[in-house]
Amino acid sequence: MGRTASRAATRRSRWLGFVAAVGALALLSSCGDDEQNVSAAERDAAIYSTVLREMVLAEIPPTDAADGDDSDALPILYVSGADGESVAVDVQAEVVKNLKDEAEIRFVDVPEDALVTDDESDGSGDGGEGDGSGNGGTTVSTTVGDEPVQDDGVLTIFGPLPEDGTTVQVDVEIYRNSADDRVYVVTLAGSQTKWVIRSVEPVG
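Residue numbers (the working numbering): 1039 to 1242.
Right, dumping it as structure tokens:
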């Protein structure tokens, strides 16, 4: 009888081990499926959001919202693709969702749409700005000269994103006005919706 009980215990132990192994495999499979179910839009939006959060928002000091309107306290970030490339609508929606509590995100089809033009100026006629020299040689400075960003915002222009890879490089231009216009090559590492900035190389 002792041997029978021992055999039963052994069988039960093996069965429990088998069930645990199957459960672990199912969990791993589920995690893999979740990763595979991340869309290209979610991946690209995660890269955009990481750059905007770590390189643009990190430089903006907190706004004093004592005057009452909390929505106005959010920084305004304009975002555009480089060289006339528009950011896909589904990517835009994901970026807005990712940063909804941190910034007001406004996508524009071309960088010029984010800038204060002569028609939008106060019309004082003193003409102090705008020699149009474009000394920086960047996407913005060669096209729109000295114009600042609307609503005291910041314009970020993204170059094309690689379609795959766990390490990606993207050209990023951060523009506030003609005197504050910087271009970087940004290297990020990660996958799917988790990305970190590994290096930032100034250009020019």
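Ideal Cβ positions, reconstructed from N, Cα and C, are used throughout, including at glycine.
Below 6 Å CB to CB, which residues in the same chain sit around residue i once its five sequence neighbours on both sides are set aside?
i, result
"D1147", "S1124"
"D1128", "A1079"
"E1132", "A1079, E1080, A1083"
"R1236", "T1225, A1227"
Grab the span of the alpha helix (DSSP H) containing residue i for me, first residue to last.
i, result
"I1085", "1078-1089"
If I follow the unbroken beta strand (DSSP E) through residue i, where does it start and stop?
i, result
"K1135", "Looking at the DSSP string, K1135 is not in any beta strand (DSSP E); the run it does join, the alpha helix (DSSP H), is 1127-1136."
"D1151", "Unbroken run through D1151: none, as it is neither H nor E."
"G1228", "1218-1229"
"D1209", "1205-1215"
"I1098", "I1098 -> no beta strand (DSSP E), and no H or E assigned at all."
"E1142", "1142-1145"
For residue i, which option in the options has the closest C-alpha, if you only look at C-alpha atoms?
i, options, result
"L1095", "A1078, A1141, V1206", "A1141"
"N1075", "S1237, V1238, T1231", "T1231"
"T1088", "A1217, K1135, A1152", "K1135"
Which term fits residue i, buried or exposed, when burial requires 16 or more other beta carbons within 10 angstroms of its beta carbon?
i, result
"D1082", "buried"
"A1084", "buried"
"D1243", "The displayed coordinates of the chain run from 1039 to 1242. Any statement about residue 1243 would go beyond what the structure contains."
"G1161", "Here G1161 scores only 47 on pLDDT, less than 50, and its place in the model should not be relied on; the value that follows carries that caveat. So G1161 counts as exposed."
"G1242", "exposed"
"L1137", "buried"
"P1200", "exposed"
Are residue i and residue j close, meaning C-beta to C-beta below 7 Å?
i, j, result
"N1215", "P1186", "yes"
"G1224", "V1208", "Just to set this straight, residue 1224 is Val in the shown sequence, not Gly. Yes, the pair counts as a contact, with Cβ atoms nearer than the cut-off."
"V1193", "Y1116", "A small fix is needed here, since residue 1193 is Leu in this sequence, not Val. Cβ distance < 7 Å, so L1193 and Y1116 count as in contact."
"I1195", "S1118", "yes"
"Q1188", "V1154", "yes"
"Y1222", "V1238", "yes"
"A1126", "G1197", "no"
Please work out which residues of its chain come closer than 8 Å, Cβ to Cβ, to residue i, disregarding the five sequence neighbours upstream and downstream, and give them in chain order.
i, result
"T1204", "A1227, G1228, S1229"
Determine, for residue i, whether the minimum Cβ-Cβ distance to residues of chain D falls below 7 Å.
i, result
"Q1130", "You won't find chain D in this structure, because it holds only one protein chain."
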